[in-house]
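Trainee:
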Amino acid sequence: MSRFHRLSAAALLALCLFGAGSASARNEEYERLSDQFDRLASDPVLGQHATAQMDRARAALADLKDAKRRDREYRAYLAERRIGVARASAEAEQLEQQRDALQRENDRLQLAIARRDAAQARAELERQRLQAQIRTEEAERAQREADAARAEGEQASQAAESARAEVAQAKRMADAQAKAAALAKKEAALAAAISGGTPASADKPAPTAANRSMTLPESVFVSGKAALAAGSSKQIAKAVAFANADPARRVRVDVSAGGDRALAQQRAQALRDALVAAGADAKRVTAVGSAAKAKRVELVIQ
Amino acid sequence: MAMQLMTPRWRKIHALVVVIAALSVQACAPTRPPVEDLDNASRALGAARSAGAPAYAPAEYRAAGQRFDQAQAAEGRQDYDEAIQLAHESAADSELAAAKARLGKAREAVQKLSQENANLDRDLTEHASPEAQP
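Chains as they are written, first to last, in the numbering used here: chain Y, 1 to 302; chain G, 303 to 436.
1) Helix, strand or coil for His429(G)? Go by DSSP, reduced to three states.
2) Do the region 80–93 of chain Y and the region 46–58 of chain Y make contact, defined as three or more Cβ pairs closer than 8 Å?
3) Applying a beta-carbon distance threshold of less than 7 Å, which residues of chain Y neighbour Glu338(G)?
4) Counting only Cβ pairs nearer than 7 Å, list the residues of chain G close to Glu91(Y).
5) If contact is defined by three or more beta carbon pairs under 8 Å, each pair taking one atom from either stretch, is the region 90–99 of chain Y in contact with the region 405–418 of chain G?
6) With a threshold of 8 Å on Cβ separation, who are the neighbours of Arg249(Y) within its own chain once the five nearest residues in sequence on each side are excluded?
7) For the alpha helix (DSSP H) that contains Gly348(G), what are its first and last residues?
8) Distance cutoff 8 Å, beta carbons only. Does His390(G) sit that close to anything in chain Y?
9) What's the C-alpha gap between Lys68(Y) and Pro360(G)?
10) Run through chain G and tell me which residues come within less than 7 Å of Gln103(Y), C-beta to C-beta.
11) Can we say the region 64–84 of chain Y touches the region 379–397 of chain G, given the rule of at least three CB pairs closer than 8 Å?
12) What residue ranges within the region 94–130 of chain Y form continuous beta strand (DSSP E) runs of no fewer than 3 residues, ordered along the chain?
13) Mind checking if Lys408(G) is an interface residue toward chain Y, Cβ cutoff 8 Å exclusive?
14) When you compare the CB positions of Leu340(G) and Arg369(G), do they come within less than 8 Å of one another, or not?
15) Apply the 10 Å Cβ neighbour rule to His316(G) and answer buried if 16 or more other Cβ atoms are within range, or exposed otherwise.
16) Considering only their Cβ atoms, is the gap separating Ala376(G) from Ala366(G) smaller than 8 Å?
17) Quick one: what's got a C-beta closer than 8 Å to Gly259(Y)'s C-beta in the same chain, skipping five residues either side?
18) Taking all protein chains shown into account, do 16 or more other C-beta atoms lie within 10 angstroms of the C-beta of His390(G), making it buried, or fewer, making it exposed?
19) Where DSSP assigns a beta bridge to Ile309(Y), which residues make up the other side?
20) Should Pro336(G) be labelled buried (16 or more other beta-carbon atoms within 10 Å of its own) or exposed?
21) Could you please give me the residues that DSSP links to Lys295(Y) through a beta bridge?
22) Might you give, ordered along the chain, the residues of its own chain that have their beta carbon closer than 6 Å to the beta carbon of Glu298(Y), omitting 5 neighbours on each side?
23) Taking 8 Å as the threshold (beta carbon to beta carbon), is Leu347(G) in contact with chain Y?
24) Using the C-alpha atoms, what's the distance from Arg39(Y) back to Val45(Y)?
25) Please list, in chain order, all residues of the same chain as Ala287(Y) whose beta carbon is under 6 Å from its beta carbon, the five residues on each side excluded.
26) Out of curiosity, what's the CA-to-CA distance linking Arg364(G) and Ala420(G)?
27) What's the call for Val167(Y), buried or exposed, on a 16-neighbour Cβ count within 10 Å?
28) So who's on the other strand from Ala287(Y), going by DSSP bridges?
29) So for Ser213(Y), helix, strand or coil by DSSP?
30) Can you list, in chain order, the residues of the region 358–381 of chain G whose Cβ is nearer than 7 Å to any Cβ on chain Y?
31) Within 8 Å (strictly less), CB to CB, does Leu78(Y) reach chain G?
32) Taking Cβ positions only, does Arg128(Y) come closer than 8 Å to chain G?
33) Where DSSP assigns a beta bridge to Ile301(Y), which residues make up the other side?
34) Which one or two residues does DSSP pair with Leu228(Y) in a beta bridge?
35) Could you spell out where the alpha helix (DSSP H) holding Arg56(Y) opens and where it closes?
36) Which of the three DSSP states, helix, strand or coil, is assigned to Thr136(Y)?
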């Protein structure tokens, strides 16, 4: 009996020790997870969220507390994950609230920007409208100015045209005058030719019978020079008429200047040029200056 | 005499204990495959994948997949008790993975919106609206 009792006592002690040890191990795991959950549940922010997940975690902890030894590991695994789910869900809910607040703020900002952009667009439109108006006004003014300028230009061209007409008229008048002058010269020359035989004053040239020549007074030249004198035009006209009287013959301008041959030649040339300029045929008139002592100005028909 | 009478009764008690123990073990262990538990675990895993867990909580998602595989293996060798526990653990892992994915997404959204709002706010401050216009 005593042996049996000893054995029983030893077995009981072993069982107690084992049971106490396992109970303390279970309690340690439970305490750890329970602390973890309490920290989460008592969090001023997170504790308010994910109530369903919190309840499941709490239930899982209770299951762990009551679990049989062989289920303990399994229950602890589940409880730890349920607590993790509760924490993640609470944090997620809290962040989702934050996200929603940010989204509202985002909407408000987008609206503000849209309004600002619209206001800017309106301002820009108004600015463009004003610019267009200014451009239109400028264009109209330019149009008016152009019209005015064109009118002015027309006036100017009219003036130019009338000026041209005046010029043409003046030219025609000049031509007519020149013609009249030429006719008068011709008439004078003819008159002179008709009255050829009758000796007039010493000034009047008279062709000789033999060689038919006409003498001009030395006063047709400026004294001592080759230039023709101012009042020589009448004499020149008569000389031209004389030279042109017989178009088939040549005419020699024969000048001597008191032995100055160079002056004589220059005077002959000047007179010839004057005759040609006044209407004598250049091909038929030659100029000859001689070194004779006499002072003579003569046209000779050859 | 007394001892002689006692012995058969001890044997009877032992036999009874053995029978009861065998019966209780038989009663505790499920006799049919835990189809519903595995199905739940599978659905939880799918939900976690849909929630983006592979990207946001890869460790938890991987653990859930491994537990689910182990649960199926246990079911295969008709260790249904083990299969049930593994299926529950897998489901718990999947739920944790999904919750962490949700958290990660919320965190990203908050970061993105904070940045965006800061930019918009700066835009508004720097380019003030032409409110002064008539």
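Glycine included, every Cβ here is placed at the ideal spot set by N, Cα and C.
Mentor: This is what the structure gives:
1) Stepping through the second sequence from its first residue, residue 429(G) is reached at position 127. Reduced to three states, the DSSP call for His429(G) is coil.
2) yes
3) What you label residue 338(G) is simply residue 36 of the second sequence in a count that begins at 1. Within chain Y, no residue comes near Glu338(G); the closest Cβ sits about 17 Å away, beyond 7 Å.
4) Here residue 91(Y) corresponds to residue number 91 of the first sequence, with the count starting at 1. Neighbours of Glu91(Y) on chain G, chain order: Leu405.
5) yes
6) What you label residue 249(Y) is simply residue 249 of the first sequence in a count that begins at 1. Apart from sequence neighbours up to five positions away, the residues of its chain that approach Arg249(Y) with a beta-carbon distance below 8 Å are Arg284, Ile301 and Gln302, ordered along the chain.
7) Reading the second sequence from its first residue, position 46 is the one you call residue 348(G). Counting along the chain, the alpha helix (DSSP H) containing Gly348(G) begins and ends at Val337 to Ser352.
8) The residue given as residue 390(G) occupies position 88 in the second sequence. Yes, contact with chain Y.
9) In the first sequence, the residue the question calls residue 68(Y) occupies position 68. In the second sequence, the residue the question calls residue 360(G) occupies position 58. So the alpha carbons of these two residues sit roughly 32 Å apart.
10) For the purposes of this step, residue 103(Y) is identified with residue 103 of the first sequence, where counting begins at 1. Neighbours of Gln103(Y) on chain G, chain order: Leu415.
11) Counting Cβ pairs under 8 Å, three or more are found: they touch.
12) none
13) Numbered from its first residue, the second sequence carries residue 408(G) at position 106. Lys is not the amino acid found at residue 408(G); the sequence shown has Ala there. Ala408(G) counts as touching chain Y.
14) Here residue 340(G) corresponds to residue number 38 of the second sequence, with the count starting at 1. Here residue 369(G) corresponds to residue number 67 of the second sequence, with the count starting at 1. No; because the gap between Cβ atoms is not below 8 Å, this pair is not in contact.
15) Taking the second sequence and counting its residues from 1, one reaches residue 316(G) at position 14. His316(G) comes out exposed.
16) Position 64 of the second sequence, counting from 1, holds the residue named residue 366(G). Position 74 of the second sequence, counting from 1, holds the residue named residue 376(G). No, these two residues do not count as a Cβ contact at 8 Å.
17) Against the first sequence, residue 259(Y) aligns to sequence position 259. Taken in chain order, the residues that qualify are Ala291, Ala292 and Lys293.
18) Start at 1 with the first residue of the second sequence, and residue 390(G) comes out as number 88. His390(G) comes out buried.
19) Outside the displayed span of chain Y (1 to 302) sits residue 309(Y), for which this structure offers no information.
20) For the purposes of this step, residue 336(G) is taken as the residue at position 34 of the second sequence. So Pro336(G) counts as buried.
21) Residue mapping note: residue 295(Y) aligns to position 295 of the first sequence, counting from 1. DSSP lists Ala257(Y) as partners of Lys295(Y).
22) What you label residue 298(Y) is simply residue 298 of the first sequence in a count that begins at 1. Excluding sequence neighbours, Glu298(Y) sits near Ser213, Thr215 and Asp254.
23) Counting from one through the second sequence, the residue named residue 347(G) turns up at place 45. Chain Y, which has no Cβ nearer than 8 Å to the Cβ of Leu347(G), makes this no.
24) Numbered from its first residue, the first sequence carries residue 45(Y) at position 45. Numbered from its first residue, the first sequence carries residue 39(Y) at position 39. Roughly 11 Å between the two C-alpha positions.
25) Locating residue 287(Y) in the first sequence gives position 287, counting from the first residue. Val253, Ala268, Gln269 and Arg272, listed in sequence order.
26) Within the second sequence, numbered from 1, the residue matching residue 364(G) stands at position 62. Within the second sequence, numbered from 1, the residue matching residue 420(G) stands at position 118. The straight-line gap from Cα to Cα measures roughly 37 Å.
27) For the purposes of this step, residue 167(Y) is identified with residue 167 of the first sequence, where counting begins at 1. Classified as exposed, Val167(Y) has fewer than 16 neighbouring CB atoms from the shown chains inside 10 Å of its CB.
28) By 1-based counting over the first sequence, the position of residue 287(Y) is 287. Partner(s): Val253(Y).
29) Taking the first sequence and counting its residues from 1, the one referred to as residue 213(Y) is at position 213. It is a strand residue.
30) none
31) In the first sequence, residue 78(Y) corresponds to position 78, counting from 1. Closer than 8 Å: yes.
32) Here residue 128(Y) refers to the residue found at position 128 when the first sequence is read from its first residue. Reading the sequence as shown, one finds Gln at residue 128(Y) and not Arg. Chain G, which has no Cβ nearer than 8 Å to the Cβ of Gln128(Y), makes this no.
33) Residue mapping note: residue 301(Y) aligns to position 301 of the first sequence, counting from 1. Answer by DSSP bridge pairing, in chain order: Val251(Y).
34) On the first sequence, residue 228(Y) is found 228 positions in, with the first residue counted as 1. Its beta-bridge partners are Phe221(Y).
35) Here the question's residue 56(Y) lines up with position 56 in the first sequence. Here the alpha helix (DSSP H) through Arg56(Y) covers Thr51 to Asp66.
36) The sequence position of residue 136(Y) within the first sequence is 136, counting from 1. For Thr136(Y), the secondary structure class from DSSP, reduced to helix, strand or coil, is helix.
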